[in-house]
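Taking the numbering used here, the leading residue of the sequence shown gets 1144, the next gets one more, and so forth.
Backbone N, C-alpha and C fix where the C-beta goes; we use that ideal spot for every residue, glycine too.
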Amino acid sequence: MLRGDFMSIQEKLSELRRLKELAKLGGGPEAIRKQHEKGKLTARERLELLLDEGSFIELDMFIQHRCTEFGMESRRVLGDGVVAGLGTIDGRPVAVYAQDFTFMGGSVGEMHAKKIAMLIDLALKLGIPVIGLNDSGGARIQEGVDSLAGYGEIFYRNVMASGVIPQIVAILGPCAGGAVYSPALSDFIFIVKKIAFMYITGPRVVKAATGEEVTHEELGGADVHATRSGVVHFVYDSEEECIEGIRKLLSYLPLNNMDDPPYVDTGDDPERRDYELDNMVPADPYEIYDMYEVIERVVDRGTFFEVQKHFAPNAIVGFARLGGYVVGVVANQPKYLGGCLDIDSADKIARFVLFCDAFNIPIITFVDVPGFLPGTDQEHRGVIRHGAKVVYAYSVATVPKITVIVRKAYGGGYIAMGSKHLGADVVLAWPTAEIAVMGPEGAIEIIYRKELAKADNPQELVKKFVQEYRRRYANPYIAASRGYIDDVIEPSETRPLLIKLLRLLKRKRSIRRLPKKHEVPPL
Ligand code: HXC
């Protein structure tokens, strides 16, 4: 061979640079223009916003599909429609992938899926969160079963990674068919209004199957999933805000299940007492107050970051800092449905508690629950098995659990909402706490049925019995006398006391339990 046949080093370098530039173009300038026209950022623009400047290390840029059906040999790009790699967010490592809609609608073929699967494997080995930015037409039709196999590989890894590393997905375009299950198996789903939707079958299939006419937005838009289905956890108006939201969420999370969530000195005095709390719960039991105010006044100022804000508003869940430590806050919201537990709020609470437990985040529960929502709708849709999830989640959780009973703690709600009986480490009550099997009106109807039936003036009698019942049970002292409540405290003491307790409970050892493969949860 003549020496002149070799490419010079300069030529090799130029070739490498040319290929890398080509890869960065994804589906090409025209497809990028269309993406922008739809009001969407490209995969690379999204990653640039998400990661610390200059931190992205791209992996598997040269991956290509190997399909030859339907003329696919002439439709190849470097990277195969997904950009993946490692980077940092606020200096902490993460694994990221962003589907590139500009190449074949970000559709998932064998190699596209392999790239995501390899990234999850790497994230697991490194013990770092994995973040997916999804924008995809779903299974790449031309690749047939190889595409389905690819999805299966991703789903399997989502399950294996669950509870080991945080998994976060943002839906920034279509997410249809079986594709929805990778986000659904992740810990948190973010979505952006107008540009994104999620559904198992799209409007055309719905029309063919049921005759129902529905738009993408009505079927699986951001609002539907944020308010009604509860599929997504965070909803934003723009991609920029969404990505900022992901960065914020990560600031509360540990890198993995062996790590502690990051401590941050928030500058809020741990000894701060908020005297407004003393008058927060109205003396009149029928008057309401806003549980958000309680939470905001107790936790470090401005640190409450709510999860699933628009779904099941009768329950509140979210992350916050207390004395700089990350906590998971769970609360009933008396402003909606009187703070009742129902199917949706039970799902919301149970999943959040399980997440906190998996990732070493202590749980603070503020209770004001009149019980479970009555009615055929709830019963027929399975409030029994959904409600059981709350009992299950609190029972299996071994992280520090501190419960504050603010007002009502009635019936099954009392037990389910982080009671001593389910393993709460410390249960506190405000003097306004009322702990009973049920509310006075319901109780009177049952225990004094005969007397009321015979009475000339039953209304008067009900009033008298209710007063009596309230005197006897509308306080925390009977429960405290049994040791079900560890202390009755002044509301303004709540913050300093919770912080002191958190410091002490950090020493909590995980609880020894009988060996078993896993529970059989009331899914
Ligand atoms: C191959 C696809 C594709 C797919 C889109 N494209 N989806 N190619 N497989 N699944 C291609 C289009 O042909 C087009 O190619 C380019 O991506 C852009 O798509 P457009 O339709 O022009 O974009 P838009 O108008 O924005 O519509 C986006 C869309 C639509 C709503 C996603 O493309 C669509 O309905 N796609 C099919 C969605 C779907 O039914 N997927 C299968 C779901 S079932 P050109 O060459 O024109 O640029 C599934 C099963 C998974 O995913 C099971 C896992 C267990």
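| Query | Result |
| --- | --- |
| Residues that P1236 bridges to, as DSSP identifies them | T1231 |
| Y1294 CB to nearest heavy atom of the ligand HXC below 8 angstroms | yes |
| Residue of I1486, R1494, V1437, G1471 minimising C-alpha distance to N1503 | G1471 |
| Bounding residues of the beta strand (DSSP E) (the contiguous stretch that carries T1637) | Counting along the chain, T1637 falls outside any beta strand (DSSP E), though it belongs to the alpha helix (DSSP H) covering 1637-1648. |
| Length of the line joining the Cα atoms of S1290 and Y1299 | 14 angstroms |
| Per DSSP, cross-strand counterpart(s) of R1464 | V1469 |
| Unbroken stretches of the alpha helix (DSSP H), 4 residues or longer, contained in the stretch 1320-1397 | 1324-1328, 1346-1353, 1359-1363, 1382-1393 |
| Any alpha helix (DSSP H) of 4 or more consecutive residues that is wholly inside the stretch 1387-1451 | 1434-1441 |
| Bridge partner(s) assigned by DSSP for P1317 | F1340 |
| According to DSSP, residues forming a beta bridge with F1509 | A1474, V1547 |
| Cβ pair Q1285, F1244 closer than 9 angstroms | no |
| Simplified DSSP assignment, three categories, for I1284 | helix |
| Limits of the unbroken beta strand (DSSP E) element including D1633 | Note that residue 1633 is Glu in the sequence shown, not Asp. Element bounds for E1633: n/a, residue is neither H nor E. |
| Pocket of the ligand HXC (residues with CB nearer than 5 angstroms to any heavy atom), chain order | M1247, G1248, S1250, G1280, G1281, A1282, R1283, I1284, Y1294, P1317, A1319, G1320, G1321, A1322 |
| Nearest to M1204 (by Cα), restricted to the options G1171, A1174, E1164 | E1164 |
| G1467 and V1533 closer than 9 angstroms at C-beta | no |
| The stretch 1549-1560 touching the stretch 1517-1526, judged by at least three CB pairs closer than 8 angstroms | no |
| Complete runs of the beta strand (DSSP E) confined to the stretch 1144-1209 [at least 3 residues] | 1200-1202 |
| Three-state class that DSSP yields for N1503 in the structure shown | coil |
| Contact check, G1410 vs F1333, beta carbons under 9 angstroms | no |
| Other residues of its chain near D1511: CB distance less than 6 angstroms, five sequence neighbours each side excluded | N1475, P1477, G1482, V1549, R1550, K1551 |
| Given I1642 as reference, the closest of I1338, V1569, M1581, A1501 once Cα atoms are compared | V1569 |
| Where H1255 falls, given that 16 or more other Cβ within 10 Å makes a residue buried | buried |
| Beta-carbon spacing of I1492, G1461 below 9 angstroms | no |
| Extent of the continuous beta strand (DSSP E) run through E1577 | 1577-1579 |
| Buried versus exposed call for R1638 [16 or more other C-beta atoms within 10 Å across all chains shown] | buried |
| With 16 other Cβ atoms within 10 Å as the buried cut-off, status of K1660 | exposed |
| Identity of the residue in L1497, Y1612, L1571 nearest E1588 by Cα | Y1612 |
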